[in-house]
Amino acid sequence: MAKTAPRRSEQLSDKVSEVTGKVQDSQAWNSIFRPGSIFRKGYTDSPRNRSYVIMNSVLYHLHPVKVKRHAVKVSYTLCLGGLSFFLFILLTVTGIFLMFFYRPTAAQAWDDIYSLQTAVAFGLLVRNMHRWGAHLMVLSVFLHMARVFYHGAYKPPREFNWVIGVMLLQFTLLLSFTGYLLPWDQLALWAVTVGTNMMGYTPVFGKQVRFVLLGGFEIGSNTLLRWYVLHVLMLPFVTVIFMAIHFWRVRKDGGISGPL
Amino acid sequence: MTEIPEHLRKRAEAAKAKAEGKKAGEAAPAAADAAAAPAAMAAAAPAGGGGGDKIPDYLFDRGRSAAQNAGLAVAAPAGAVATAPADTRPVASGPGGHTQRLLTVVKSGSIQDVRATPQDKVHTWPHLIVAEFVAALLITAFTFIFSVFVNAPLLELANLNRTPNPSKAPWYFLGLQELLTMFHPMVAGVTIPGMGLFVLGMAPYVDKNPSNKPEDRKFTIALMTVFLMFWAVLVCIGSFFRGPGFNFVFPWTRGLFFEL
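Chains as they are written, first to last, in my numbering: chain A, 1 to 260; chain B, 1 to 260.
Quick look at the structure:
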């Protein structure tokens with residue numbers, strides 16, 4: 001028995017590598033993984049393949065094939081812009097999960113959140129991640145703005161990208177604020193009351209602004225529906241467009257700024 | 001006059017010194033004289049072939065025949081070069097019988113306008129992608145673990161008839177709520193944040209200082225730091241030091257009135 005054991009494992013590993021080779025030679029495999037993919041047969045670390053990894057990936061080709069050496073230093077960017085983007089994706093994923101269990105009406109919203117926390121598998125965890133992720137994103141966008149300012153990265157030719165960034169900061173705050181109302185508990189209701197009362201003091205057409213935001217003279221079911229649509233559809237839609245312009249302009253303006 | 005690059009100047013000097021040395025050693029007739037006097041042609045050619053090893057003989061032959069063509073018949077066809085006899089005048093008039101010499105150095109920038117200087121770059125894969133991937137993993141792990149241990153607040157069902165004391169806005173608006181205690185709501189809730197965001201967005205058009213070095217931007221950095229600290233302090237006071245009736249309290253005596 002002891003003699004046959006290594007031979008068997010050898011046979012097994014031979015079999016595995018044979019099957020792997022066949023799969024990697026198949027047309028299906030080669031049609032899925034484009035040249036330069038690390039999953040292709042015989043991937044080697046060459047400058048050509050390093051370029052292909054970026055060029056042949058729909059996600060990575062946001063990046064240029066090469067970047068300035070100083071731009072990869074974590075101590076320069078602190079990853080804050082990238083983290084903001086990543087948190088946005090995390091919030092989208094967890095948010096979609098939450099949408100399956102939530103109805104934006106005054107009669108059902110709070111109960112839905114409550115049963116999500118008590119009766120849905122991982123419901124509480126995902127809601128927590130959505131909540132804390134949102135606060136983290138506000139923080140990381142804010143810190144990203146401070147980082148960019150202290151590096152003087154808003155200077156020509158990046159002036160307009162700074163303006164887009166300031167708008168993205170406002171969209172982030174609005175996204176967070178509209179989401180704040182949705183649990184329909186005392187915290188949500190009164191935080192939003194304080195916020196919308198402030199907006200009601202807008203000069204000249206303050207009352208109209210408040211009416212449009214609340215869908216009435218008081219916070220109620222209409223407000224909840226409005227803020228829900230703003231939170232899950234309209235603001236993310238606008239934010240994604242602005243993010244696309246923001247990232248595109250980073251490249252068009254010659255990559256990230258610096259070194260100092 | 002354009003400055004001659006260091007390595008070219010050195011090479012020219014070395015060639016000149018070598019020619020001087022050879023002239024003194026062999027006591028051969030000066031190359032310039034040889035070119036002027038047709039009688040000395042026979043002497044000059046061997047001197048070039050023997051001393052200056054770098055120039056092959058066939059080049060000397062070609063030069064000789066070309067000189068002969070020029071001397072005998074200006075309109076002679078190019079085919080005559082092959083059949084030309086050996087008696088030629090020397091063209092070699094440079095130091096040591098060289099057929100070429102440095103006339104001038106044209107630096108690349110003087111004719112072509114070279115705007116892009118080569119930059120120190122690295123491949124995005126793996127250098128940048130790995131850093132981004134690790135950052136994304138870390139933030140996911142942090143959010144996940146934090147969410148396992150800390151639950152998002154869910155207070156009792158919203159009730160318009162029961163105002164909690166104090167009612168606070170989300171933390172990022174608590175600076176504005178803090179301003180409400182000092183100014184008219186129109187000033188605190190609309191004018192100041194509106195102006196703040198506008199000035200922030202206009203920063204690249206207001207700040208005309210082209211440098212991004214911290215030592216050149218002391219005033220700008222100081223101004224921004226004061227601005228950020230102003231908001232941070234207001235948010236902290238609004239979050240932790242405001243109790244019932246939005247009155248000032250110390251959290252270590254009255255407890256915390258703060259929900260995320």
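Each residue gets a CB set at the ideal place from its N, CA and C atoms; glycine is no exception.
Does DSSP put residue 103 of chain B in a helix, a strand or coil? Stepping through the second sequence from its first residue, residue 103 of chain B is reached at position 103. If DSSP states are grouped into helix, strand and coil, residue 103 of chain B belongs with coil.
Enumerate, from N- to C-terminal direction, the unbroken beta strand (DSSP E) stretches of 3 or more residues contained entirely within the stretch 160 to 202 of chain B. Entirely contained in the stretch 160 to 202 of chain B, not one beta strand (DSSP E) run reaches 3 residues.
Using a Cβ distance threshold of 8 Å, determine whether the stretch 125 to 144 of chain A contacts the stretch 229 to 248 of chain A, with at least three qualifying pairs required. Touching, no, given that fewer than three Cβ pairs across the two stretches are closer than 8 Å.
Let me check you understand the geometry: is the CB of residue 123 of chain B closer than 7 Å to at least one non-hydrogen atom of the ligand MN? For the ligand MN, the structure offers nothing, since it holds no ligand at all.
My output table needs one value for residue 253 of chain A: the three-state DSSP class, helix, strand or coil. Here the question's residue 253 of chain A lines up with position 253 in the first sequence. Residue 253 of chain A falls in the coil class under three-state DSSP.
Residues of the stretch 118 to 139 of chain A in Cβ contact with chain B at a cutoff of 7 Å, in chain order, please. Interface annotation for the stretch 118 to 139 of chain A against chain B: 124, 125, 127, 128, 129, 131, 132, 133, 135, 136 and 138, criterion Cβ-Cβ distance under 7 Å.
Classify residue 227 of chain A as buried or exposed, calling it buried when 16 or more other Cβ atoms lie within 10 Å of its own Cβ. Here residue 227 of chain A refers to the residue found at position 227 when the first sequence is read from its first residue. Buried: at least 16 other Cβ atoms inside 10 Å.
Could you list which residues in chain B have their beta carbon closer than 8 Å to that of residue 150 of chain A, in chain order? Here residue 150 of chain A refers to the residue found at position 150 of the first sequence. Within 8 Å Cβ-Cβ: 214, 221 and 224.
Quick check: the Cα distance between residue 234 of chain A and residue 18 of chain A, rounded to an integer number of angstroms? In the first sequence, the residue the question calls residue 234 of chain A occupies position 234. In the first sequence, the residue the question calls residue 18 of chain A occupies position 18. Taking C-alpha positions only, residue 234 of chain A is separated from residue 18 of chain A by approximately 52 Å.
So which residues on chain A does residue 159 of chain B lean against when the C-beta distance must stay under 7 Å? Taking the second sequence and counting its residues from 1, the one referred to as residue 159 of chain B is at position 159. At a C-beta separation below 7 Å, residue 159 of chain B has these neighbours in chain A: 186.
Establish whether the CB of residue 56 of chain B and some CB of chain A are separated by less than 8 Å. Along the second sequence, one-based indexing puts residue 56 of chain B at 56. Chain A has no Cβ within less than 8 Å of the Cβ of residue 56 of chain B.
Starting from residue 218 of chain B, trace the alpha helix (DSSP H) in both directions and tell me its first and last residue. The residue given as residue 218 of chain B occupies position 218 in the second sequence. Segment 218 to 240, the alpha helix (DSSP H) holding residue 218 of chain B.
I want to know whether the stretch 145 to 159 of chain B touches the stretch 124 to 131 of chain A - three or more CB-CB distances under 8 Å. The stretch 145 to 159 of chain B, when compared against the stretch 124 to 131 of chain A, does touch it at the 8 Å Cβ threshold.
Using 8 Å as the limit for Cβ to Cβ distance, is residue 136 of chain B near chain A? Counting from one through the second sequence, the residue named residue 136 of chain B turns up at place 136. Yes, residue 136 of chain B counts as interfacial toward chain A.
Measure from the alpha carbon of residue 117 of chain B to the alpha carbon of each residue in A/68, A/90 and A/119, then state which is nearest. Taking the first residue of the second sequence as position 1, residue 117 of chain B is located at position 117. In terms of CA proximity to residue 117 of chain B, A/68 leads the group A/68, A/90 and A/119.
Shortest alpha-carbon distance to residue 158 of chain B belongs to which of A/24, A/224, A/12 and A/77? Counted from its first residue, the second sequence places residue 158 of chain B at position 158. Check the Cα spacing between residue 158 of chain B and each of A/24, A/224, A/12 and A/77: the tightest is with A/224.
Name the two residues that bound the continuous alpha helix (DSSP H) containing residue 122 of chain B. Reading the second sequence from its first residue, position 122 is the one you call residue 122 of chain B. Counting along the chain, residue 122 of chain B falls outside any alpha helix (DSSP H), though it belongs to the beta strand (DSSP E) covering 121 to 123.
Whether residue 60 of chain A touches residue 125 of chain B by CB criterion (8 Å): Residue mapping note: residue 60 of chain A aligns to position 60 of the first sequence, counting from 1. Residue mapping note: residue 125 of chain B aligns to position 125 of the second sequence, counting from 1. Yes, they are a contact pair.
Spatial distance of residue 24 of chain B from residue 4 of chain B (CA atoms): Position 24 of the second sequence, counting from 1, holds the residue named residue 24 of chain B. Position 4 of the second sequence, counting from 1, holds the residue named residue 4 of chain B. Distance between the alpha carbons of residue 24 of chain B and residue 4 of chain B: 28 Å.
Considering just the uninterrupted stretch of the beta strand (DSSP E) at residue 66 of chain A, what are its terminal residues? Against the first sequence, residue 66 of chain A aligns to sequence position 66. Unbroken beta strand (DSSP E) run through residue 66 of chain A: 66 to 68.
Cutoff 8 Å; reference residue 238 of chain A; Cβ partners in own chain excluding five residues on either side: Along the first sequence, one-based indexing puts residue 238 of chain A at 238. So the list reads 171, once near-sequence residues are dropped.
Can you tell me whether residue 260 of chain A is helix, strand or coil according to DSSP? Locating residue 260 of chain A in the first sequence gives position 260, where the first residue counts as 1. DSSP places residue 260 of chain A outside both helix and strand once states are collapsed to three, so it counts as coil.
Using a C-beta to C-beta distance shorter than 7 Å, which residues of chain A count as neighbours of residue 217 of chain B? Residue mapping note: residue 217 of chain B aligns to position 217 of the second sequence, counting from 1. Near residue 217 of chain B (Cβ distances below 7 Å), the residues of chain A are 152.
Straight-line CA distance for residue 111 of chain B to residue 178 of chain A? For the purposes of this step, residue 111 of chain B is taken as the residue at position 111 of the second sequence. For the purposes of this step, residue 178 of chain A is taken as the residue at position 178 of the first sequence. Looking at the two C-alpha atoms, the distance is approximately 59 Å.
Nearest candidate by alpha-carbon position, reference residue 206 of chain B, set A/34, A/162, A/99 and A/122: Numbered from its first residue, the second sequence carries residue 206 of chain B at position 206. For the residues A/34, A/162, A/99 and A/122, the minimum Cα distance to residue 206 of chain B belongs to A/162.
Straight-line gap, residue 13 of chain A to residue 7 of chain A (C-alpha atoms, nearest Å): Counted from its first residue, the first sequence places residue 13 of chain A at position 13. Counted from its first residue, the first sequence places residue 7 of chain A at position 7. The straight-line gap separating the alpha-carbon atoms of residue 13 of chain A and residue 7 of chain A is approximately 10 Å.
In chain order, what residues of the same chain have a beta carbon less than 6 Å from the beta carbon of residue 84 of chain B, not counting five sequence neighbours either side? Mapped onto the second sequence, residue 84 of chain B falls at position 84. Its pLDDT being 48, under 50, residue 84 of chain B is placed unreliably by the model, and the measurement read from it follows with that caveat. Only 65 and 68 meet the Cβ criterion.
How should residue 50 of chain B be labelled, buried or exposed, when 16 other C-beta atoms within 10 angstroms of its C-beta is the threshold for buried? Stepping through the second sequence from its first residue, residue 50 of chain B is reached at position 50. Interpretation of residue 50 of chain B is limited by its pLDDT of 43, a score under 50 that renders its predicted location unreliable; no figure is taken from the coordinates.
Can you give the Cα-Cα distance for residue 260 of chain B and residue 170 of chain B, rounded to whole angstroms? In the second sequence, residue 260 of chain B corresponds to position 260, counting from 1. In the second sequence, residue 170 of chain B corresponds to position 170, counting from 1. When rounded, the distance between both Cα atoms is 7 Å.
Roughly how far, in whole angstroms, is the beta-carbon of residue 213 of chain A from the beta-carbon of residue 193 of chain A, given that I think they are within contact range, below 8 Å? Here residue 213 of chain A refers to the residue found at position 213 of the first sequence. Here residue 193 of chain A refers to the residue found at position 193 of the first sequence. Rounded, the Cβ-Cβ distance is 11 Å, inconsistent with contact.
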